[in-house]
Amino acid sequence: MPAPLDTASLAQLFTNARTHNGFAAEEVSDATLRQLYDLLKWGPTAANNCPARFVFVKSQEAKARLKPALAAGNVEKTMAAPVTVIVARDMTFYEHLPTLYPATDARSWFVGNDAMIEETSLRDSTLQGAYLILAARALGLDCGPMGGFDKTTLDAAFFAGTPLKSVFLINLGHGDPGKLYPRGPRLDFDTVCRIA
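Residue numbers (full-length UniProt numbering): 1 to 196.
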């Protein structure tokens, strides 16, 4: 049985971790991004369907393509971030199920079932984006997840002619503590939970 993480590890992943709005000019290496994916890929999804796809936007050319899709309040911090991750979902994720979930014909659950494809791809790609945040924090990186962008514009710039659709964005790097907003409150256990 695994032992609970120590207090410092829990703080790094949750209690001291923050949503960052500014980042140091320190590069995030391609090797670190590969390490990041190699951690997050182990997070569970329904029938191991793994619908998320990730675009690590680093180059000035790619940032220029991203910029027109951003809400005004997200432009400056995103252009300054070392990396912006486009978390997307593959609407044909089920084509990989014979490899990812060989125990049964899980592909047949999805073929022609648009509602199930929509629900599953959105839920599980969002889960995988959350795993990315935790993996990044575990590797000593800071994150600034956001939803303020125009999906149609972004998808045209990055995913035209593909079955991919954007879900949300994550700025990634080493956070600048001077650009943190005051931490927002959270709801307590009794407000949001019950034990049945």
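The beta carbon of each residue, even a glycine, is placed where N, CA and C say it ideally should be. Being a predicted model, the structure only gives us computed values, none of them experimental.
- Proximity of the segment 34 to 52 to the segment 115 to 135 meets the contact definition, three or more beta-carbon pairs being nearer than 8 Å.
- Of the other Cβ atoms in all chains shown, 16 or more fall within 10 Å of the Cβ of Asn171; this residue is therefore buried.
- Nearest to Pro51 by C-alpha distance, out of Lys165, Pro177, Tyr181 and Pro182, is Lys165.
- Rounded to whole angstroms, the gap between the alpha carbons of Tyr94 and Arg123 is 14 Å.
- Here Asn49 is buried. Its C-beta has 16 or more other C-beta atoms within 10 Å.
- If you compare the alpha carbons of Trp109, Met1 and Ala25 with that of Gly173, the shortest gap goes to Ala25.
- DSSP places Met79 in the helix class (H, G or I) of the three-state scheme.
- Taking 8 Å as the upper bound for CB-CB distance, Ala138 and Leu10 are not in contact here, some 11 Å apart.
- The DSSP-derived three-state label of Pro177 is helix.
- Collapsing the DSSP output to three states places Ala71 in coil.
- Closest in alpha carbon position to Arg186, among Arg18, Pro2 and Thr7, is Arg18.
- DSSP places Met146 inside the beta strand (DSSP E), whose first and last residues are Asp142 to Met146.
- With a cutoff of 8 Å on beta-carbon distance, Gly147 and Gly22 are scored as not near each other.
- Beta bridge pairing from DSSP links Val192 with no other residue.
- Of the residues Asp6, Thr162 and Ala8, the one whose Cα lies closest to the Cα of Met91 is Thr162.
- In this structure, DSSP gives Ala106 a state outside helix and strand, which the three-state scheme calls coil.
- Within a 10 Å sphere around the beta-carbon of Ala8 sit fewer than 16 other beta-carbons, which makes this residue exposed.
- According to the DSSP assignment, Ala31 belongs to the alpha helix (DSSP H) that extends over Asp30 to Leu40.
- In the DSSP assignment, Ala52 falls within the beta strand (DSSP E) that extends over Ala52 to Val57.
- Contact between Phe149 and Ala69 holds: their C-beta atoms lie close to 5 Å from each other, under 8 Å.
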